[in-house]
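Protein chains in written order, with this note's numbering: chain A, 498 to 867; chain B, 194 to 486. Even glycine gets a Cβ: it sits at the ideal position worked out from N, Cα and C.
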Amino acid sequence: MSITVKGISKHFEENIALDQVDLTIKEGEFFSLLGPSGCGKTTLLNIIAGFLHPTSGEVSIDGKDVTNLPPYQRNIGMVFQNYALFPHLNVFDNVAYGLKVKKMPKQAIKEKVEEVLKLVHLEAFTKRMPHQLSGGQQQRVAIARALAIEPSVLLLDEPLSNLDAKLRKEMQTELRLLQQRIGITTVLVTHDQEEALSLSDRIGVLGDGHVKQVDQPLTIYRQPKNRFVAEFIGQVNIFEVEAKDLQTGNNSLPKYDANHHKISKDQPLVLETTHADDFKNQEKKLVMLRPERIQVVDKLEKSEKVNEVEVTIVHTNYIGDSLRVYASLPEQGELLIHISDTVFEEPPQPGEKLHLHWDAADVIPLVEKE
Amino acid sequence: MLKTIMKSDRQKSFYWALLIPTICLLGFFLVAPLIMLAELSFRGVDSYLNIQDTYTIQHYVEVFQSSTYLKTIGTTLWVAFITGLCCIILAYPAAYMLVNARTSGLRTLLYILLIMPLLISMVVLSFAWIVLLAQNGMINQVLLKMNLINEPIPMLWNLTAVVIALVQVLLPFAALPIANTLGDMDPRLRSASMSLGENRWKTFLRVTLPLSIPGIISGFVIVFSLAAGSYITALLIGGRMQPLLPLTIYQQVVQISNWPLAAALSFTLLVIVACCVLFLGWLLNRWEERVYG
Numbered sequence: 498m499s500i501t502v503k504g505i506s507k508h509f510e511e512n513i514a515l516d517q518v519d520l521t522i523k524e525g526e527f528f529s530l531l532g533p534s535g536c537g538k539t540t541l542l543n544i545i546a547g548f549l550h551p552t553s554g555e556v557s558i559d560g561k562d563v564t565n566l567p568p569y570q571r572n573i574g575m576v577f578q579n580y581a582l583f584p585h586l587n588v589f590d591n592v593a594y595g596l597k598v599k600k601m602p603k604q605a606i607k608e609k610v611e612e613v614l615k616l617v618h619l620e621a622f623t624k625r626m627p628h629q630l631s632g633g634q635q636q637r638v639a640i641a642r643a644l645a646i647e648p649s650v651l652l653l654d655e656p657l658s659n660l661d662a663k664l665r666k667e668m669q670t671e672l673r674l675l676q677q678r679i680g681i682t683t684v685l686v687t688h689d690q691e692e693a694l695s696l697s698d699r700i701g702v703l704g705d706g707h708v709k710q711v712d713q714p715l716t717i718y719r720q721p722k723n724r725f726v727a728e729f730i731g732q733v734n735i736f737e738v739e740a741k742d743l744q745t746g747n748n749s750l751p752k753y754d755a756n757h758h759k760i761s762k763d764q765p766l767v768l769e770t771t772h773a774d775d776f777k778n779q780e781k782k783l784v785m786l787r788p789e790r791i792q793v794v795d796k797l798e799k800s801e802k803v804n805e806v807e808v809t810i811v812h813t814n815y816i817g818d819s820l821r822v823y824a825s826l827p828e829q830g831e832l833l834i835h836i837s838d839t840v841f842e843e844p845p846q847p848g849e850k851l852h853l854h855w856d857a858a859d860v861i862p863l864v865e866k867e
Numbered sequence: 194m195l196k197t198i199m200k201s202d203r204q205k206s207f208y209w210a211l212l213i214p215t216i217c218l219l220g221f222f223l224v225a226p227l228i229m230l231a232e233l234s235f236r237g238v239d240s241y242l243n244i245q246d247t248y249t250i251q252h253y254v255e256v257f258q259s260s261t262y263l264k265t266i267g268t269t270l271w272v273a274f275i276t277g278l279c280c281i282i283l284a285y286p287a288a289y290m291l292v293n294a295r296t297s298g299l300r301t302l303l304y305i306l307l308i309m310p311l312l313i314s315m316v317v318l319s320f321a322w323i324v325l326l327a328q329n330g331m332i333n334q335v336l337l338k339m340n341l342i343n344e345p346i347p348m349l350w351n352l353t354a355v356v357i358a359l360v361q362v363l364l365p366f367a368a369l370p371i372a373n374t375l376g377d378m379d380p381r382l383r384s385a386s387m388s389l390g391e392n393r394w395k396t397f398l399r400v401t402l403p404l405s406i407p408g409i410i411s412g413f414v415i416v417f418s419l420a421a422g423s424y425i426t427a428l429l430i431g432g433r434m435q436p437l438l439p440l441t442i443y444q445q446v447v448q449i450s451n452w453p454l455a456a457a458l459s460f461t462l463l464v465i466v467a468c469c470v471l472f473l474g475w476l477l478n479r480w481e482e483r484v485y486g
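Structure (structure tokens):
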């Protein structure tokens, strides 16, 4: 079932948690609401679930306006961050909880409970009490309980954030496979960008109560629309630039001077981009460059010094699959470079000079605010 | 390693040292008198009720053979039970309101209202009931003025009045433990129940109520034991002729001066109440073990 959120605002006294949010989540889609804490993502999920009433706006599930329906009439499956298993009921009764509401016959309840517990590989645990289960198992029971009522949508509120890193990765894979097998429309709230990128069909990035961008994971990472999205997801170099009035050269690509990155006192870093058409009409022009897109080269080639620079390493950070290098330009400004673990024998040391080069296609225009 | 053990040992003995004043107080003024009371209850008396050096169980035989005493014990437990039940029923919604108060200011106000009876002497509270319930008290006056009754209704000096007064006096003792368990409860459990299709009332019955059982039991235990031993309220509201054990014990001590019998009655009450409390405590323990391991 699809979910449509139209013009949703939520005010808590003075605070505006959500401001005119519009979203459409397609049928069968795995959709993530991603954002820093306090961005309103959980508020939005609670409004979809019906635990909060929006100050204004409309929520529809499968085309039906549910804005004024209480949560217990929305047929939603919800999984909470702390799982919220009923501590006084065993696994079977937890999963059967929603089925008893529907006054299903005993045998049918038993069959359904066994079916969903099999989905999450917990069929042998029916008699256990929640406190006798590990975090991962409690998590699975919570998912089984939500799925048992055959909800029209599945809402997940940071469901994996209480698990340790290894188990979290396993559960991510399992969750994704399960969702694809059942084909249920799923909304995941998370602050973990990696989780959102790896699980979702589409991601909605939220910041300060606004939707900053809705796109597929690849687009979100490679072509963020604005500074907020670019900085929140992954690491990034951002340059404030001005169009350069260039007489020399026959290169057709437009060139830009970086305002705060300088090679010498009166020579700014020059960038060119193949995406110049994406610049919006705003005073401050921003471009971004992902640190893993920067290549280390033997020597600088072009005479006009475009999209290349010599830097001095300030410090490095080895994280296994790559080396993070923080480097400074000769006069002003810093650059972050990720060097893949496969390209060096001995990591370069602070104080060493590096020659850097990047492609014009990797310089992406950004909008300051949207 | 050894050092930390020694340190923790020293820390432990420090904590014990902190307990010494309390232990002394309890030892001298609670445990010792109780032992003396137990010893007294087995002393023989002569026909002038003088305490003898002999030991006998005749007082306990008297207590359990006299239908008056047995009836008094039964009534006392019944009154305590009804008081406990009424307190729980009245305190639960109050505690629920308190915990779910919208603002912290309102919550504080409700808290103060709730524990107000604890700040006022039981004598004053009981006298207030006399002012209300007496033959020429406020309620009768109003009813007479409105011509709803022709002569005053006797509302004081009966067990119903005692229960009403006890409920009012002891209500906070029931409300506070309930408010505690309700406050500790994860609100997301209620959300989970509603997301599974259960409405507010059924969510209350299937989640909130069962999970507040510990608070209900604790509240009941406190009110029950206080009500069973309550003397002032019973005397002021019920009068000294009511078949309540604390009153009977007082009579035996002050008017009849049969101290060993009074001691036997006291101990009987103590043991019965202790058994009730232990049973409820055992229930509570089993429940918590099941739910929280």
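For the beta strand (DSSP E) containing His854/A, list its first residue and its last residue. 850-854
Residue burial classification, Gln744/A (beta-carbon count within 10 angstroms, cutoff 16): Note that Gln744/A scores a pLDDT of 49, beneath 50, so its modelled location is shaky and nothing firm can be said.
Whole-angstrom distance between Ile228/B and Leu212/B, CA atom to CA atom: 22 Å
Beta-carbon within less than 6 Å of Tyr248/B's beta-carbon, same chain only, minus the 5 sequence neighbours each way: which residues are those? Phe235
Who does Gln710/A pair with in a DSSP beta bridge? Val702/A
Applying the 10 Å Cβ sphere with the 16-neighbour rule, what's the burial state of Val316/B? exposed
C-alpha distance - Gln258/B paired with Asn451/B, whole-angstrom precision: 17 Å
With 8 Å as the threshold, decide whether the Cβ of Asn579/A is near any Cβ in chain B. yes
Under 9 Å by beta carbon: chain B residues contacting Gln629/A: Gly486
Along the chain, where does the alpha helix (DSSP H) that runs through His688/A open and close? No alpha helix (DSSP H) contains His688/A, which DSSP labels as neither H nor E.
Candidates Ala641/A, Ser697/A, Asn723/A: closest to Asn734/A by CA position: Asn723/A
Between the alpha carbons of Tyr498/B and Leu619/A, how many angstroms are there, rounded? Shown here, chain B extends from 194 to 486; a query on residue 498/B therefore has no answer.
By how many angstroms is the C-alpha of Leu674/A removed from the C-alpha of Pro584/A? 28 Å
Return no unless some Cβ of chain A is closer than 8 Å to the Cβ of Lys390/B. Residue 390/B is actually Gly in this sequence, not Lys. Yes, because at least one Cβ of chain A sits closer than 8 Å to the Cβ of Gly390/B.
Report all residues from its chain with a CB closer than 6 Å to the CB of Gln445/B; omit the five preceding and five following residues, and keep chain order. Asn451, Leu454, Ala455
Quick one: is Ala546/A near chain B, going by C-beta distance under 8 Å? yes
Consider the Cβ of His585/A: report whether some Cβ of chain B lies at a distance smaller than 8 Å. yes
Return yes when the Cβ of Leu326/B is within less than 8 Å of the Cβ of Leu349/B, no when it is not. yes
Using 8 Å for Cβ pairs, my map puts Tyr580/A next to Gln635/A. What's the rounded Cβ distance? 5 Å
Pro765/A, DSSP secondary structure in three states: strand
Can you give me the C-alpha to C-alpha distance between Ala287/B and Gly330/B, rounded to a whole angstrom? 28 Å
Against chain B: residues of the stretch 585-604 of chain A by CB proximity under 8 Å: His585, Tyr594, Gly595, Val598, Lys599
Sheet register partners of Lys508/A (DSSP bridge): Position check: residue 508/A holds His in this sequence, whereas Lys was assumed. Answer by DSSP bridge pairing, in chain order: Ile513/A.
Would you list, in sequence order, the uninterrupted alpha helix (DSSP H) runs of no fewer than 4 residues that lie entirely inside the stretch 374-398 of chain B? 380-388, 393-396
With 16 other CB atoms within 10 Å as the buried threshold, where does Asp654/A fall? buried
Please say whether Val784/A and Thr861/A have beta carbons closer to each other than 8 Å? The question names Thr, but residue 861/A is Ile in the sequence shown. Yes, they are a contact pair.
Pick out whichever of Gly848/A, Val588/A, Gly706/A has its Cα sitting closest to the Cα of Ser534/A. Gly706/A
What first and last residue would you give for the beta strand (DSSP E) that runs through Tyr253/B? Note, Tyr253/B: premise wrong, no beta strand (DSSP E); alpha helix (DSSP H) at 251-258.
My understanding is that Asp818/A touches Asp838/A, with C-beta atoms under 8 Å, so please give their C-beta distance in whole angstroms. 5 Å
Nearest chain A C-beta to Arg300/B closer than 8 Å, yes or no? no
Tell me the rounded alpha-carbon separation between Glu798/A and Phe725/A. 34 Å
Please report how far the alpha carbon of Pro345/B lies from the alpha carbon of Val335/B, in whole angstroms. 10 Å
Got a sec: is the Cβ-Cβ distance from Arg295/B to anything in chain A below 8 Å? no
For Asn734/A, the first and last residue of its enclosing beta strand (DSSP E): 734-740
What residues from the stretch 310-329 of chain B come within 8 Å of chain C, judged by C-beta to C-beta, listed N to C? Checking the listed chains, one finds no chain C in this structure; the protein chains it contains are A and B.
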